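*Asks:* Encoded as structure tokens, here's the structure I'll be asking about.
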Amino acid sequence: MELNTKTKSLAKVQTHLVAECFNKLYIGGEFVDPIDGEKYPTYYPATGELLHEFPRGKANDVESAIAAANAAWAEGTWAGMPAASRAEIVAKMAQGIEDNLEMLAEIEAADVGKPYRQAAKGMGGAAGEGKYWCSLGKALDAEQDVPVNSGGGEGGVPPSEWNVVYRRDPIGVIGLISAWNYPMNVAFRKVAPALVAGNCAILKPSEIAGLSCMFIGKLAQDAGIPPGVFNVVTGDGEAGAALAASPGVSMISFTGSTLTGSKIMGACAQKLSQVALELGGKSALVVFDDTDLDKAVETTMKGFLTNGGQICTAHTRLIVQESIKSPLLKKLKEELEKLPFCTDPITEKDRGDRAWEDGMTDVVQPIVCDSQHKKIMGFLHEAKRAGVEFLTGGNVPDAETVGNSGGYFIQPTVLINVERDADVWQKEVFGPVLSVRSFSTEQEAVLEANSTAFGLASTVMSADPAKAMRVANRIRAGAVYATSNGEGLLAEHPAVSRGGFGCSGIGREKGIIGLHEYTELKSVNYTGFSLADAKK
Ligand code: NDP
């Protein structure tokens, strides 16, 4: 049978996926089959064709990985090395991502359905961020045996007979549970700092799209990470739950939904182990009427459509000043209805005619899988039933409009005059759906922005710098942007820590604070000798 274009591109990705690392679990330094021998299918979101079948690790495989990690932890070689030496080894893993960028980006394009350009940009970001973590190895070493000072407070000086230093120890065996939307970025943002800090780790990527993460096992093996220090178990929620509940795991670093995050926190509470939770969001874009209209529309589209709206920091609530609401919504509708659908994300390499920022929102990509598609459409059906007004979208586009059939597409959708207590205002839809409300005064803008339980990110647009900063400072979110032109929206830098207020999470990722999340602070008091004596 003659292969059509889309199948040809898929066939190319499938040639990457024959490698051992995409077909086995990585436990104790070896690629192994899952104990029960089960597999999971994953499909190309643009056409619904079978992409690959990967191993379904279950609780018994998780136990093997935990045993391997605990054996490596007890042996102590990795934790005993200076952080700078560990960082040199982890840097080889980051370099491995860069060296295999095209292959890994093609795999993510096929697995998530994101346009290749965006996948490649994300992959470059993962490698760069990995190198940043490694550059912090020396900084972590410099934080060992640091004399305790009084902090300036009265009575804060330890008794003169005490000598006290602080150390930052690794925590132990850590479970890293990651989401599917930016698979490599989310996973390697955990793997690199956990390892540089001296921990042993087990990565459990998402079953929905985690193929690129399986390559991290090979990177660890090639880099010479000692057996058991790093392990990968693919599987579903059962594997994640087993990891979270195990007494052999001292911390869970989780990125995913708020619902799963609360379950994980419950499991960790039972054994009083550490958690770091990077959860969902419902970020606000506040637009004042002194903003350039074209820039406001561009920023709105980028904010809610990047990665098909499947991004934790998606700006899915537009809060627009009443005086420019009509012209802004008119232009937004016109622009959205012009956007083409991305029929073949794997080969979507060269489009750029509407490139507001390379790799960003100039096409509508498919939703990652059938179950997420159904979940989003469920929100839209409920909104229709409840009488919410649709400015545009709301439906599954027909095959002719998309340009192929079988994919999980949804029209970019804008809901207007949404009630504050509506699900589409309060809950994370995780798809191309924007909800709009308006305001008159600055005070109202702040109230609207802070009107959900989430607090991950938000943006304020105004030509008045003082107003933009004033409002940004009053928004309750872990990362806030104040801008007159929308530049830098969704941009991230590895040195800039971020995390959630409220239901968006606990803890901070990135920056030195992000590295500290993978350490325990310890004080060592010594008497009867000097520190110099101890180091002889
Ligand atoms: P989920 O919460 O559904 O899943 C996240 C991970 O947890 C997956 O690996 C999943 O496995 C696993 N899991 C599922 N159930 C359990 C359980 N009971 N115990 C332990 N682990 C479990 O999130 P998604 O993968 O759908 O990711 C999307 C979510 O992630 C969105 O809410 C998004 O906002 C958030 N996110 C947050 C980011 C941030 O930095 N704040 C960044 C990126 C995404 P499996 O998928 O195999 O079932």
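The numbering of the sequence shown is the working numbering, which starts it at 61 and goes up by one. C-beta: ideal position from N, C-alpha, C; glycine also. Bear in mind the structure is a predicted one, so any value in this text is a computation, not a measurement.
If you reduce the DSSP assignment to three classes, tell me which class Cys402 lands in.
*Replies:* Here the question's residue 402 lines up with position 342 in the sequence shown. Coil, per DSSP.
*Asks:* Can you check DSSP and say which residues form a bridge with His112?
*Replies:* Sequence index remark: in the sequence shown, residue 112 carries index 52 (1-based). According to DSSP, His112 bridges with Thr102.
*Asks:* Can we count Ala239 as close to the ligand NDP, meaning its CB is less than 6 Å from some heavy atom?
*Replies:* Residue mapping note: residue 239 aligns to position 179 of the sequence shown, counting from 1. Ala239 Cβ: within cutoff of the ligand NDP.
*Asks:* Within 10 angstroms of the Cβ of Glu62, are there 16 or more other Cβ atoms? Answer buried if so, exposed if not.
*Replies:* For the purposes of this step, residue 62 is taken as the residue at position 2 of the sequence shown. Summary for Glu62: the model assigns pLDDT 42, below 50, so the residue's position carries little reliability; its value from the coordinates is reported in the next sentence. So Glu62 counts as exposed.
*Asks:* Nearer than 6 Å: is that true of the beta carbon of Ala336 relative to any heavy atom of the ligand NDP?
*Replies:* Numbered from its first residue, the sequence shown carries residue 336 at position 276. Result no, Cβ not under 6 Å from the ligand NDP.
*Asks:* State the Cα-Cα distance for the pair Leu161 and Pro405, rounded to the nearest angstrom.
*Replies:* On the sequence shown, residue 161 is found 101 positions in, with the first residue counted as 1. On the sequence shown, residue 405 is found 345 positions in, with the first residue counted as 1. Near 16 Å, if we compare the C-alpha coordinates of Pro405 and Leu161.
*Asks:* Have a look at the DSSP bridge pairing and note the partners of Cys260.
*Replies:* The residue you call residue 260 lines up with position 200 of the sequence shown. Bridge partners of Cys260: Val233.
*Asks:* Check whether the region 330-338 touches the region 550-568, counting contact only when three or more Cβ pairs, one atom from each stretch, lie closer than 8 Å.
*Replies:* Yes, the region 330-338 is in contact with the region 550-568.
*Asks:* May I have the straight-line CA-CA distance separating Val347 from Ala356, to the nearest angstrom?
*Replies:* Along the sequence shown, read from residue 1 onward, the residue named residue 347 stands at position 287. Along the sequence shown, read from residue 1 onward, the residue named residue 356 stands at position 296. About 7 Å.
*Asks:* Per DSSP, what are the beta-bridge partners of Pro265 in this structure?
*Replies:* Start at 1 with the first residue of the sequence shown, and residue 265 comes out as number 205. None, per the DSSP bridge assignment.
*Asks:* Which of the three DSSP states, helix, strand or coil, is assigned to Leu581?
*Replies:* As a working note, residue 581 is residue 521 in the sequence shown. Strand, per DSSP.
*Asks:* Out of Val428, Val251, Glu502 and Asp229, point me to the one whose CA is closest to Asp350's CA.
*Replies:* Looking up residue 350 in the sequence shown gives position 290. The candidate whose alpha carbon is nearest that of Asp350 is Glu502.
*Asks:* Can you list the alpha helix (DSSP H) stretches of 4 or more residues lying completely in the region 448-528, in chain order?
*Replies:* Whole alpha helix (DSSP H) segments, 4+ residues: 459-462, 483-486 and 502-509.
*Asks:* Within 10 Å of its beta-carbon, does Asp171 have 16 or more other beta-carbons around it, so buried, or fewer, so exposed?
*Replies:* Counting from 1 along the sequence shown, the entry for residue 171 is found at position 111. With 16 or more Cβ atoms within 10 Å of its Cβ, Asp171 is classed as buried.
*Asks:* Just the C-alpha distance for Ala509 and Tyr176, rounded to the nearest angstrom, thanks.
*Replies:* Mapped onto the sequence shown, residue 509 falls at position 449. Mapped onto the sequence shown, residue 176 falls at position 116. Looking at the two C-alpha atoms, the distance is approximately 33 Å.
*Asks:* By a C-beta neighbour count over all protein chains shown, 10 Å radius and 16 as the cutoff for buried, is Glu488 buried or exposed?
*Replies:* Residue mapping note: residue 488 aligns to position 428 of the sequence shown, counting from 1. It is buried - the Cβ of Glu488 has at least 16 other Cβ atoms within 10 Å.
*Asks:* Would you call the CB atoms of Ile262 and Ala129 closer than 7 Å?
*Replies:* To locate residue 262, count along the sequence shown from 1; it is residue 202. To locate residue 129, count along the sequence shown from 1; it is residue 69. Closer than 7 Å, so yes.
*Asks:* Within 10 angstroms of the Cβ of Asp55, are there 16 or more other Cβ atoms? Answer buried if so, exposed if not.
*Replies:* No answer is possible for residue 55: it lies beyond the span of the chain, which begins at 61 and ends at 596.
*Asks:* Distance check for Asp352 and Thr512, CA to CA, integer angstroms please.
*Replies:* What you label residue 512 is simply residue 452 of the sequence shown in a count that begins at 1. What you label residue 352 is simply residue 292 of the sequence shown in a count that begins at 1. So the two alpha carbons sit approximately 27 Å from each other.
*Asks:* Relative to the alpha-carbon of Val233, which residue among Gly308, Pro105, Val520 and Ala202 has its alpha-carbon at the smallest distance?
*Replies:* Sequence index remark: in the sequence shown, residue 233 carries index 173 (1-based). Checking every option, the nearest Cα to that of Val233 belongs to Gly308.
*Asks:* Quick one: Cα of Ala257 to Cα of Asp121, how far?
*Replies:* Position 197 of the sequence shown, counted from the first residue, corresponds to residue 257. Position 61 of the sequence shown, counted from the first residue, corresponds to residue 121. Going by the C-alpha atoms only, they are around 25 Å apart.
*Asks:* For the alpha helix (DSSP H) that Glu547 lies in, which residues bound it at each end?
*Replies:* Counting from one through the sequence shown, the residue named residue 547 turns up at place 487. It is not in any alpha helix (DSSP H) - Glu547 carries neither H nor E in the DSSP assignment.
*Asks:* From the DSSP output, which residues share a beta bridge with Ile566?
*Replies:* For the purposes of this step, residue 566 is identified with residue 506 of the sequence shown, where counting begins at 1. Answer by DSSP bridge pairing, in chain order: Leu337.
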